[in-house]
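*Asks:* Got a structure for you, written out below as C-alpha coordinates; questions coming shortly.
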(Lines of atoms letter the chains of each structure in order from A and count residues from 1; the text may use other names and numbers.)
(Lines give C-alpha, C1' and ligand atoms only; values in the text may rest on other atoms or scores of the structure.)
Protein backbone atom coordinates (compact mmCIF):
# COMPACT_ATOMS: atom_id res chain seq x y z
CA UNK A 1 0.00 0.00 0.00
CA UNK A 2 2.77 2.45 1.00
CA UNK A 3 4.67 1.62 -2.19
CA UNK A 4 1.55 2.35 -4.22
CA UNK A 5 1.07 5.71 -2.47
CA UNK A 6 4.69 6.68 -3.03
CA UNK A 7 4.47 5.75 -6.67
CA UNK A 8 1.25 7.76 -7.08
CA UNK A 9 2.82 10.76 -5.37
CA UNK A 10 5.89 10.54 -7.60
CA UNK A 11 3.75 10.36 -10.72
CA UNK A 12 1.71 13.32 -9.49
CA UNK A 13 4.80 15.49 -8.97
CA UNK A 14 6.21 14.44 -12.34
CA UNK A 15 2.92 15.44 -13.94
CA UNK A 16 2.93 18.84 -12.17
CA UNK A 17 6.55 19.45 -13.19
CA UNK A 18 5.68 18.53 -16.80
CA UNK A 19 2.84 21.07 -16.79
CA UNK A 20 5.17 23.72 -15.34
CA UNK A 21 7.81 23.14 -18.03
CA UNK A 22 5.20 23.05 -20.77
CA UNK A 23 3.70 26.29 -19.51
CA UNK A 24 7.05 28.06 -19.64
CA UNK A 25 7.63 26.85 -23.18
CA UNK A 26 4.25 28.08 -24.34
CA UNK A 27 4.47 31.53 -22.75
CA UNK A 28 5.54 34.08 -25.34
CA UNK A 29 7.41 36.98 -23.74
CA UNK A 30 5.47 40.21 -24.00
CA UNK A 31 6.87 42.44 -26.69
CA UNK A 32 8.41 45.57 -25.29
CA UNK A 33 7.32 48.48 -27.50
CA UNK A 34 10.56 50.24 -26.62
CA UNK A 35 12.47 47.51 -28.49
CA UNK A 36 11.29 49.08 -31.75
CA UNK A 37 11.72 52.72 -30.82
CA UNK A 38 14.65 54.37 -32.55
CA UNK A 39 15.51 58.00 -32.88
CA UNK A 40 14.42 59.60 -36.11
CA UNK A 41 17.13 60.72 -38.49
CA UNK A 42 17.69 64.49 -38.25
CA UNK A 43 17.64 66.31 -41.58
CA UNK A 44 18.78 69.90 -41.21
CA UNK A 45 18.43 72.54 -43.89
CA UNK A 46 20.51 75.69 -43.53
CA UNK A 47 18.81 78.32 -45.63
CA UNK A 48 17.74 81.93 -46.19
CA UNK A 49 14.00 82.30 -46.64
CA UNK A 50 14.26 84.59 -49.69
CA UNK A 51 17.11 82.70 -51.37
CA UNK A 52 16.21 81.11 -54.75
CA UNK A 53 18.42 78.12 -53.97
CA UNK A 54 16.59 77.58 -50.68
CA UNK A 55 13.30 77.64 -52.56
CA UNK A 56 14.57 75.00 -55.02
CA UNK A 57 16.12 72.92 -52.25
CA UNK A 58 13.00 72.92 -50.11
CA UNK A 59 10.88 71.92 -53.09
CA UNK A 60 12.98 68.75 -53.40
CA UNK A 61 12.85 68.15 -49.66
CA UNK A 62 9.07 68.46 -49.68
CA UNK A 63 8.99 65.33 -51.84
CA UNK A 64 11.62 63.63 -49.70
CA UNK A 65 9.70 64.14 -46.46
CA UNK A 66 6.64 62.54 -48.06
CA UNK A 67 8.68 59.34 -48.45
CA UNK A 68 10.44 59.26 -45.07
CA UNK A 69 8.16 61.19 -42.73
CA UNK A 70 7.99 58.37 -40.18
CA UNK A 71 11.76 57.97 -39.79
CA UNK A 72 13.03 61.52 -40.13
CA UNK A 73 12.95 64.85 -38.34
CA UNK A 74 13.32 67.89 -40.62
CA UNK A 75 14.31 71.31 -39.31
CA UNK A 76 15.38 74.56 -40.91
CA UNK A 77 18.05 76.89 -39.56
CA UNK A 78 18.78 80.30 -40.99
CA UNK A 79 21.98 81.82 -42.29
CA UNK A 80 22.64 85.42 -41.28
CA UNK A 81 25.34 87.51 -39.61
CA UNK A 82 24.89 88.10 -35.90
CA UNK A 83 24.67 91.82 -35.25
CA UNK A 84 23.47 93.16 -31.90
CA UNK A 85 22.63 96.54 -33.42
CA UNK A 86 20.44 95.06 -36.17
CA UNK A 87 16.66 95.17 -35.81
CA UNK A 88 16.38 91.41 -35.40
CA UNK A 89 19.77 90.76 -33.82
CA UNK A 90 21.29 89.64 -37.11
CA UNK A 91 21.84 91.00 -40.60
CA UNK A 92 20.07 89.01 -43.32
CA UNK A 93 21.53 88.95 -46.83
CA UNK A 94 18.22 89.89 -48.47
CA UNK A 95 17.27 92.55 -45.93
CA UNK A 96 15.04 92.76 -42.87
CA UNK A 97 12.11 91.36 -44.85
CA UNK A 98 14.07 88.10 -45.08
CA UNK A 99 14.71 88.15 -41.34
CA UNK A 100 10.95 88.39 -40.87
CA UNK A 101 10.41 85.51 -43.29
CA UNK A 102 12.94 83.44 -41.35
CA UNK A 103 11.15 84.17 -38.08
CA UNK A 104 7.76 83.36 -39.60
CA UNK A 105 9.02 79.94 -40.68
CA UNK A 106 10.63 79.24 -37.32
CA UNK A 107 7.45 80.24 -35.50
CA UNK A 108 5.33 78.07 -37.76
CA UNK A 109 7.50 75.08 -36.80
CA UNK A 110 7.30 76.10 -33.14
CA UNK A 111 3.49 76.17 -33.22
CA UNK A 112 2.90 73.20 -35.54
CA UNK A 113 5.28 70.25 -35.25
CA UNK A 114 3.78 68.40 -38.23
CA UNK A 115 6.61 68.55 -40.75
CA UNK A 116 4.38 67.61 -43.68
CA UNK A 117 2.22 70.63 -42.91
CA UNK A 118 5.31 72.82 -42.60
CA UNK A 119 6.58 71.83 -46.03
CA UNK A 120 3.15 72.46 -47.51
CA UNK A 121 3.37 75.91 -45.94
CA UNK A 122 6.79 76.46 -47.55
CA UNK A 123 5.50 75.35 -50.95
CA UNK A 124 2.68 77.85 -50.58
CA UNK A 125 4.82 80.86 -49.70
CA UNK A 126 7.23 79.95 -52.49
CA UNK A 127 4.44 80.48 -55.01
CA UNK A 128 4.96 84.21 -54.61
CA UNK A 129 8.65 84.54 -53.88
CA UNK A 130 8.64 88.35 -53.65
CA UNK A 131 6.02 88.21 -50.87
CA UNK A 132 8.07 86.04 -48.51
CA UNK A 133 8.17 87.89 -45.20
CA UNK A 134 4.82 89.57 -45.77
CA UNK A 135 2.38 89.20 -42.87
CA UNK A 136 -0.60 88.95 -45.21
CA UNK A 137 1.02 86.26 -47.36
CA UNK A 138 2.22 84.22 -44.39
CA UNK A 139 -1.28 84.36 -42.92
CA UNK A 140 -2.88 83.27 -46.19
CA UNK A 141 -0.54 80.31 -46.63
CA UNK A 142 -0.86 79.30 -43.00
CA UNK A 143 -4.62 79.18 -43.32
CA UNK A 144 -4.39 77.31 -46.64
CA UNK A 145 -2.59 74.45 -44.90
CA UNK A 146 -5.03 74.44 -41.98
CA UNK A 147 -3.03 76.33 -39.38
CA UNK A 148 -4.57 79.26 -37.52
CA UNK A 149 -2.09 82.08 -38.01
CA UNK A 150 -2.79 83.93 -34.75
CA UNK A 151 -0.45 81.81 -32.56
CA UNK A 152 2.21 81.96 -35.27
CA UNK A 153 1.89 85.74 -35.51
CA UNK A 154 2.03 86.06 -31.73
CA UNK A 155 5.31 84.15 -31.79
CA UNK A 156 6.69 86.27 -34.65
CA UNK A 157 6.01 89.50 -32.76
CA UNK A 158 7.44 88.37 -29.44
CA UNK A 159 10.75 87.57 -27.83
CA UNK A 160 10.00 83.92 -28.58
CA UNK A 161 10.34 84.45 -32.31
CA UNK A 162 13.41 86.64 -31.94
CA UNK A 163 15.12 84.10 -29.68
CA UNK A 164 14.30 81.27 -32.08
CA UNK A 165 15.92 83.28 -34.87
CA UNK A 166 19.08 84.13 -32.93
CA UNK A 167 19.52 80.52 -31.80
CA UNK A 168 18.98 79.40 -35.38
CA UNK A 169 21.68 81.76 -36.69
CA UNK A 170 24.02 80.58 -33.94
CA UNK A 171 23.39 76.98 -34.95
CA UNK A 172 24.18 77.74 -38.60
CA UNK A 173 27.42 79.36 -37.49
CA UNK A 174 28.29 76.36 -35.28
CA UNK A 175 27.77 74.03 -38.24
CA UNK A 176 29.84 76.36 -40.42
CA UNK A 177 26.94 76.48 -42.85
CA UNK A 178 27.50 79.62 -44.91
CA UNK A 179 25.70 78.67 -48.12
CA UNK A 180 21.96 78.52 -48.66
CA UNK A 181 20.97 75.72 -49.07
CA UNK A 182 23.25 73.37 -47.12
CA UNK A 183 21.82 69.98 -46.18
CA UNK A 184 22.93 67.86 -43.23
CA UNK A 185 21.65 64.32 -42.73
CA UNK A 186 22.26 62.60 -39.41
CA UNK A 187 24.82 65.21 -38.42
CA UNK A 188 26.88 64.99 -41.61
CA UNK A 189 27.02 67.46 -44.47
CA UNK A 190 25.21 65.78 -47.35
CA UNK A 191 24.78 68.31 -50.14
CA UNK A 192 24.81 71.99 -51.14
CA UNK A 193 22.58 73.88 -53.56
CA UNK A 194 24.01 77.23 -54.66
CA UNK A 195 23.92 79.37 -57.79
CA UNK A 196 21.30 77.10 -59.31
CA UNK A 197 23.59 74.06 -59.05
CA UNK A 198 23.98 71.09 -56.72
CA UNK A 199 27.48 70.23 -55.52
CA UNK A 200 29.32 68.32 -52.77
CA UNK A 201 26.64 65.66 -53.17
CA UNK A 202 28.60 62.37 -53.45
CA UNK A 203 25.44 60.30 -53.01
CA UNK A 204 23.40 62.27 -55.53
CA UNK A 205 20.80 65.00 -55.22
CA UNK A 206 17.55 63.57 -56.53
CA UNK A 207 14.57 62.85 -54.28
CA UNK A 208 15.40 59.15 -54.55
CA UNK A 209 19.02 59.78 -53.55
CA UNK A 210 18.09 61.74 -50.42
CA UNK A 211 15.47 59.17 -49.44
CA UNK A 212 18.07 56.41 -49.76
CA UNK A 213 20.55 58.32 -47.58
CA UNK A 214 17.97 58.77 -44.84
CA UNK A 215 16.81 55.15 -44.99
CA UNK A 216 20.41 53.90 -44.87
CA UNK A 217 21.14 56.07 -41.85
CA UNK A 218 18.02 54.74 -40.16
CA UNK A 219 18.98 51.13 -40.81
CA UNK A 220 22.46 51.76 -39.45
CA UNK A 221 20.82 53.00 -36.26
CA UNK A 222 19.68 49.45 -35.61
CA UNK A 223 16.38 48.87 -37.37
CA UNK A 224 15.31 47.97 -40.88
CA UNK A 225 12.73 50.43 -42.17
CA UNK A 226 11.22 48.04 -44.69
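In the UniProt record's numbering, the protein residues as written are 1 to 226. C-beta atoms are modelled at their ideal positions from N, C-alpha and C, and glycine is treated no differently.
For the putative contact between residue 98 and residue 133, defined by C-beta atoms under 8 Å, what is the C-beta separation to the nearest angstrom?
*Replies:* Start at 1 with the first residue of the chain shown, and residue 98 comes out as number 98. Start at 1 with the first residue of the chain shown, and residue 133 comes out as number 133. About 6 Å separates the two Cβ atoms, so the contact holds.
*Asks:* Evaluate contact between the stretch 125 to 142 and the stretch 158 to 171, counting only Cβ atoms and requiring at least three cross-stretch pairs below 8 Å.
*Replies:* Taking 8 Å as the limit for Cβ pairs, the verdict is that the stretch 158 to 171 does not touch the stretch 125 to 142.
*Asks:* Going by beta carbon distance, what residues of the same chain come within less than 7 Å of residue 44, once the five residues before and after it are set aside?
*Replies:* Here residue 44 refers to the residue found at position 44 of the chain shown. These residues qualify, in order along the chain: 75, 77, 184.
*Asks:* On a CA-only basis, which of 221, 205, 194 is nearest residue 55? Give me that one, please.
*Replies:* Position 55 of the chain shown, counted from the first residue, corresponds to residue 55. That would be 194, whose Cα lies nearest to the Cα of residue 55.
*Asks:* Where residue 47 and residue 173 are concerned, what is the direct C-alpha to C-alpha distance, given to the nearest angstrom?
*Replies:* Within the chain shown, the letter at position 47 stands for residue 47. Within the chain shown, the letter at position 173 stands for residue 173. Taking the straight line from one Cα to the other gives about 12 Å.
*Asks:* Give every residue of the same chain whose Cβ lies closer than 7 Å to the Cβ of residue 186, excluding the five residues on either side of it in the sequence, and list them in chain order.
*Replies:* Numbered from its first residue, the chain shown carries residue 186 at position 186. Taken in chain order, the residues that qualify are 41, 42, 217.
*Asks:* Are the beta-carbon atoms of residue 156 and residue 104 separated by less than 8 Å?
*Replies:* Counting from one through the chain shown, the residue named residue 156 turns up at place 156. Counting from one through the chain shown, the residue named residue 104 turns up at place 104. It is a contact, given that the beta carbons lie within the stated cut-off.
*Asks:* With a cut-off of 8 Å on the beta carbons, I'd call residue 126 and residue 59 a contact; round off their distance for me.
*Replies:* For the purposes of this step, residue 126 is taken as the residue at position 126 of the chain shown. For the purposes of this step, residue 59 is taken as the residue at position 59 of the chain shown. Contact holds; Cβ gap of about 7 Å.
*Asks:* Quick check: residue 63 and residue 152, are their CB atoms within less than 8 Å of each other?
*Replies:* What you label residue 63 is simply residue 63 of the chain shown in a count that begins at 1. What you label residue 152 is simply residue 152 of the chain shown in a count that begins at 1. No. Outside cutoff.
*Asks:* From the DSSP output, in three-state form, read off residue 50 for me.
*Replies:* Your numbering for residue 50 matches position 50 in the chain shown. The answer is coil: DSSP assigns residue 50 none of H, G, I, E or B.
*Asks:* Give me the Cα-Cα distance between residue 162 and residue 92, rounded to the nearest whole angstrom.
*Replies:* Locating residue 162 in the chain shown gives position 162, where the first residue counts as 1. Locating residue 92 in the chain shown gives position 92, where the first residue counts as 1. Rounded to whole angstroms, residue 162 to residue 92 spans 13 Å at the Cα level.
*Asks:* How would you label residue 53, buried or exposed, when you count the other beta carbons within 10 angstroms and need 16 or more for buried?
*Replies:* The residue you call residue 53 lines up with position 53 of the chain shown. Label assigned to residue 53: buried.
*Asks:* Look at the alpha carbon of residue 188 and the alpha carbon of residue 69, and state the distance between them as a whole number of angstroms.
*Replies:* On the chain shown, position 188 is the one that residue 188 refers to. On the chain shown, position 69 is the one that residue 69 refers to. Spanning the two alpha carbons is a distance of roughly 19 Å.
*Asks:* The alpha helix (DSSP H) with residue 135 in it runs from where to where?
*Replies:* Position 135 of the chain shown, counted from the first residue, corresponds to residue 135. Looking at the DSSP string, the run of the alpha helix (DSSP H) that includes residue 135 is 135 to 144.
*Asks:* Are the beta-carbon atoms of residue 101 and residue 50 separated by less than 8 Å?
*Replies:* By one-based count along the chain shown, residue 101 stands at place 101. By one-based count along the chain shown, residue 50 stands at place 50. Yes. Within cutoff.
*Asks:* In chain order, which continuous runs of the beta strand (DSSP E) of length 3 or greater are located wholly inside the stretch 131 to 219?
*Replies:* Within the stretch 131 to 219, the complete beta strand (DSSP E) runs of at least 3 residues are 182 to 185, 188 to 194, 197 to 199.
*Asks:* Please classify residue 73: does DSSP put it in a helix, a strand, or coil?
*Replies:* Here residue 73 is taken as the residue at index 73 of the chain shown, counted from 1. Here residue 73 sits in strand by DSSP.
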